[in-house]
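For the sequence shown, the numbering used here assigns the number 939 to the initial residue and increments by one for each residue that follows. Even for Gly, the Cβ is constructed at its ideal location relative to N, Cα and C. Keep in mind it's a predicted model, so treat the numbers as computed, not measured.
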Amino acid sequence: MSILVVGSVAFDDITSPSGTRKNVLGGAATYFGLAASYFTQVRVVGVVGDDFTAEHEDVLKKRGIDTRGIERAPGKTFRWGGTYAGNLNEAKTDYTDLNVFEKFQPKIPKEYSDTQFLFLANIHPTLQANVRHEMDGVRLTGGDTMNYWINGTSRELAEMLKLVNVLLINDTEAKMIAKENNLPRAAQKVLALGPQALVIKHGEYGATIFFREGAFGVGRHPFRAPALPIEEVQDPTGAGDSF
């Protein structure tokens, strides 16, 4: 069994109350892949520039991640800089340099055609939809998005939501998509757009999963997974999605 993640491989400059780190390996595909590698075989599709070295790639390879889908393009790798200040649930974006990621068109290696599980990380909804259509044999598809796509590509996002089984977003994004401030009602409105399950991330407070009636053999009752309270946060991972 294997899972394919399509998304960003990046470099991050991060400032938080615990210090500053520059040129650290980042990106949604990177961290999804590293986490998932403890449970299954992971394949990655993304794009990097000339500054992405063999040492960077070894971080993934040492976890057994298949990197054949990482395209190398002339130029610099996608780079993001952010600051976490008083509220560690929220990241202030200092800059975003798309670089080679700006023209990213996912290319799925033929060796990945037998993949049964697919995760569409945070990229343009049209690209997510294109990948899903190409990988028409998958058993389950997960997806992610953000406020930038919700505000700027609502029509394309609506089409993408019809193609995923599980959507992972934070509470603010759920309310934005649903145009509803009450979170349980917002969750049901998002589920009505296509996903069978919705994971809403609450940062330091954990996450809640909502189900469409009968999806995955369960009822509509949500399941809450609280986070373990800690006194000193080192890394509010995922722009504050989890600590």
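*Report yes or no: do the stretch 1097-1106 and the stretch 973-991 share at least 3 C-beta pairs separated by less than 8 Å?*
no
*From arginine 1017 to phenylalanine 1039, what does the alpha carbon distance come to, in whole angstroms?*
9 Å
_Local conformation of phenylalanine 1016 per DSSP, three classes_ = coil
*State the Cα-Cα distance for the pair arginine 981 and valine 944, rounded to the nearest angstrom.*
9 Å
*Would you decide whether glutamate 1111 is buried or exposed? Buried here means 16 or more other CB atoms lie within 10 Å of its CB.*
buried
*Helix, strand or coil for tyrosine 976 per DSSP?*
coil
*Taking C-alpha atoms, which residue in Thr1015, Phe977, Glu1009 and Lys1014 lies nearest to glycine 1002?*
Phe977
*Mind pulling the beta strand (DSSP E) runs of 3 or more residues that sit fully within the stretch 1001-1078?*
1004-1010, 1017-1021, 1030-1035 and 1055-1058
*Take leucine 1036 as the anchor and find which of Asp950, Asn1027, His1071 and Glu995 has the nearest alpha-carbon.*
Asp950
*For glycine 957, the first and last residue of its enclosing beta strand (DSSP E)*: 957-964
*Please name the residue or residues paired with aspartate 1082 in a DSSP beta bridge.*
Leu1106
*asked:* If distances are taken between C-alpha atoms only, which option among Ile1008, Ser956 and Pro1133 comes closest to glycine 971?
replied: Ile1008
*From what residue to what residue does the beta strand (DSSP E) around valine 1137 run?*
1135-1139
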